[in-house]
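Chains A and B, in that order, give the protein sequences.
In this text, residue positions in the first sequence follow the working numbering: the first is 1, and each later residue adds one.
In this text, residue positions in the second sequence follow the working numbering: the first is 1001, and each later residue adds one.
Positions of the beta carbon are idealized from the N, C-alpha and C atoms, including for glycine.
Reading through the structure tokens given below for one structure.
2 protein chains.
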Amino acid sequence: MNLDGVFQALADPTRRAVLGRLGSGPASVSELAQPFDMALPSFMKHIRFLESNGWIRTHKSGRIRTCVIEKASFDVAEAWLSDQRALWEGRTDRLEQFVTNPYLKEDRACPALPTPPST
Amino acid sequence: MNLDGVFQALADPTRRAVLGRLGSGPASVSELAQPFDMALPSFMKHIRFLESNGWIRTHKSGRIRTCVIEKASFDVAEAWLSDQRALWEGRTDRLEQFVTNPYLKEDRACPALPTPPST
DNA sequence: CGAATACTGAGCCACAAGGCTAAGTTAATC
DNA sequence: GATTAACTTAGCCTTGTGGCTCAGTATTCG
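As structure tokens, then:
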């Protein structure tokens, strides 16, 4: 369950829709597949993908495979975004300085703001 | 700037690393590329991908192209996750009801929910 | 038992993704 | 004015992704 897979799972409308549906409760594969104009084997690939990337759990009983949404990957995804936001917001003030400082604009394109004369 | 592309952009370690780096300030393409063992044209594809999916803005001045992170796609991604979370949490109580209601359990195929980690 | 249901497995196909090299182009330096 | 630096364009190659069909297998139902 690496970040690559976690995000890739979200990069497809079918898979996002499945997660959306599962958000309101468990469902069997064919129930989930019903809204989509897609052959079952194709659809199953999406289910397996979601499962192997930690977005859902599935469990077969009889001939029916039931899918349940799982919070794990969800948290991983949110954590990454949240870290990113923290980083970005942590330097917003310095960015503003950069944008409005004509010297920096002309000079090197990106002095990268190396830990400025911190207070 | 559709969800497909927004999430796909995050499904690659190089692109996530670039966003991470840009989180602490603007940089030129070659500065960004420097840590990666990759030919420049390959790297540029990542930059273009991030740009065309709204994760960064770029601007060329002289022969240097400077990249700046952008909040737009970020918000879109967080919004989707947040909606998803709302949905999921909004029905946790009902889920609980579902799990503990023997009638529902027989009725539909889905009860799966492998033993809640409770008590 | 036989038929229908709900997947499952194997294999094919077209196209997108991510990497490369080689050869431009444009701006800055010497 | 020639070099060098910083991209850019073009084209190739391999692998992955998302779709399909056709033929199983395993359960459930009549």
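Per-residue DSSP class, three states only, for A:Ala133 | In this structure chain A extends from 1 to 119, so residue 133 of chain A is not present and cannot be described.
Interface residues of chain A facing B:Gly1020 [CB-CB closer than 8 Å] = Gln84 and Leu87
How big is the Cα-Cα spacing for B:Ala1011 and A:Cys67?
-> 24 Å
May I ask you to report which of helix, strand or coil DSSP gives A:Phe63?
-> First, the amino acid is wrong: residue 63 of chain A is Arg here, not Phe. If DSSP states are grouped into helix, strand and coil, A:Arg63 belongs with coil.
Between A:Glu136 and A:Ile56, is the Cβ-Cβ spacing less than 7 Å?
-> There is no way to answer for residue 136 of chain A, as the model of chain A reaches only from 1 to 119.
First and last residue of the alpha helix (DSSP H) that includes A:Gly25?
-> Here A:Gly25 belongs to no alpha helix (DSSP H), and DSSP marks it neither H nor E.
Under 9 Å between beta-carbons, which chain A residues line up against B:Leu1003? List them in chain order, please.
-> Leu10, Ala11, Pro13 and Arg16
Does the separation of the CB atoms of A:Val76 and A:Val6 fall below 7 Å?
-> yes
Looking at B:Gly1054 and A:Trp88, is the spacing between their C-beta atoms short of 7 Å?
-> no
CB contact check: B:Phe1007 to chain A, cutoff 7 Å = yes
For A:Ser52 and A:Ala72, the rounded distance between their alpha carbons = 12 Å
Do you know whose CA, among A:Gly25, A:Ala86 and A:Val29, lies nearest A:Arg48's CA?
-> A:Val29
Alpha carbon to alpha carbon, how far is A:Phe74 from B:Leu1081? Give it in angstroms, no decimals.
-> 8 Å
Return the CA-CA distance between B:Met1044 and A:Gly62, expressed in angstroms with no decimal places.
-> 51 Å
How many angstroms separate the CA atom of B:Arg1016 from the CA atom of A:Ala27?
-> 33 Å
With 16 other Cβ atoms within 10 Å as the buried cut-off, status of A:Leu40 | exposed
How would you write the range of the alpha helix (DSSP H) that A:Pro41 sits in, first residue to last?
-> Leu40 to Ser52
From what residue to what residue does the alpha helix (DSSP H) around A:Ala11 run?
-> First-last for A:Ala11: undefined, no H or E at that position.
Do we get a CB-CB distance below 7 Å when we pair B:Gly1023 with the residues of chain A?
-> yes
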